[in-house]
Amino acid sequence: MLPLQGVGVLVTRPEQQAMPLCRLLEASGAIALRLPAIEIKPLGDAHELKTRLGALEAFDLIIFTSANAVRFGAPLLRLQREPTLAAIGPATAHALEQAGYRVTVTPAGGFDSESLLLHPQLAHPAGRRLLIVKGMNGRELLQEELIRRGAQVVIAGVYKRERAVHDVAELAALEAKLVAGEIQVITATSAEIAASLLATATPAVRREFNRVHWLVPGARVAAALRERGVTAPILQADTAEDQDLVAAIIRWRGCASGA
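Here our numbering is used: the first residue of the sequence shown is 6, the next is one more, and so on.
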């Protein structure tokens with residue numbers, strides 16, 4: 006018997022990122038249901054942005070803050086000769102490597118701004134020019150701290166996040182599955198996804214959200230759920246990588262079944 010046989014998991018990642026996680030869940034026996042909480046959309050024209058930024062060779066380090074930043078920002082690197090790249094975590098590093106680029110700076114552990122800022126190459130960046138490729142309206146901790154440390158920081162916003170819109174029928178179907186006990190776990194791989202999903206939910210769906218388990222990749226997202234009134238049990242994965250998310254559910258399922 007597969008370890009997650011019959012477990013219903015609501016996957017709330019953006020549409021483009023949901024499928025790999027869904028496939029991995031289904032390979033473990035789970036029933037993966039998709040309800041994107043946010044949509045990712047490109048922001049402007051890459052050629053226009055590159056013109057505005059000028060020669061990227063002038064930057065000592067180019068930092069990508071997410072796989073989506075790579076998806077929309079990798080075209081900036083075309084024709085660059087061995088740019089020095091940093092990735093905020095393993096998923097971002099993998100996306101850069103898949104695009105054909107070598108990453109030289111990644112956190113030793115973790116997958117967020119705090120972890121990346123611990124890297125020795127970012128400890129004393131005074132006088133260095135750094136480019137951060139990111140989504141608009143994301144966290145500003147990374148650039149703020151690098152500026153405080155004396156770096157010259159330029160931001161390249163390459164995508165935007167928007168709350169996904171779901172109609173009455175979709176929300177009614179979600180409520181029915183929750184009430185019927187067909188969903189045992191809800192994923193929230195970022196604080197923004199959690200906030201958008203909660204804001205989208207009807208009062209009835211919000212009540213049902215507290216009857217299941219939530220899966221998050223770290224303490225920061227768990228705290229965001231608590232701040233927004235979620236009282237349900239929270240499962241915490243080691244990272245936001247697909248395999249770590251699935252492993253966390255398998256651990257929970259094993260404990261719940263007494264295995």
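C-beta: ideal position from N, C-alpha, C; glycine also.
Check	Outcome
Using DSSP bridges, identify the partner residues of T192.	L220
Residues in the same chain with beta-carbon distance under 8 Å from L54, minus the five sequence neighbours each way, listed in chain order, please.	L81, A161, V163
Please work out which residues of its chain come closer than 6 Å, Cβ to Cβ, to A156, disregarding the five sequence neighbours upstream and downstream, and give them in chain order.	P130, R133, L135
So who's on the other strand from V12, going by DSSP bridges?	The partner list for V12 (beta bridge, DSSP) is empty, contrary to what the question assumes.
Taking the alpha carbon of A60 as the reference point, which residue from L202, V159, I188 has its own alpha carbon closest?	V159
Across the segment 202-217 and the segment 176-190, are there enough close Cβ pairs to call them in contact, namely three or more that are closer than 8 Å?	yes
Among A200, E175, I198, V221, whose alpha-carbon lies nearest the alpha-carbon of V190?	V221
Examine chain D for any beta-carbon lying closer than 8 Å to the beta-carbon of Q241, and answer yes or no.	The structure shown contains no chain D; it holds only a single protein chain.
On a Cα-Cα basis, can you pick out the residue from M6, I198, V110 that is closest to E44?	I198
For the alpha helix (DSSP H) containing L101, list its first residue and its last residue.	95-103
Nearest to L101 by CA position, among I68, S118, G234, is which residue?	I68
Report the three-state DSSP secondary structure of F77 (helix, strand or coil).	helix
So what does DSSP say about G162, is it helix, strand or coil?	strand
Can you tell me whether V170 is helix, strand or coil according to DSSP?	coil
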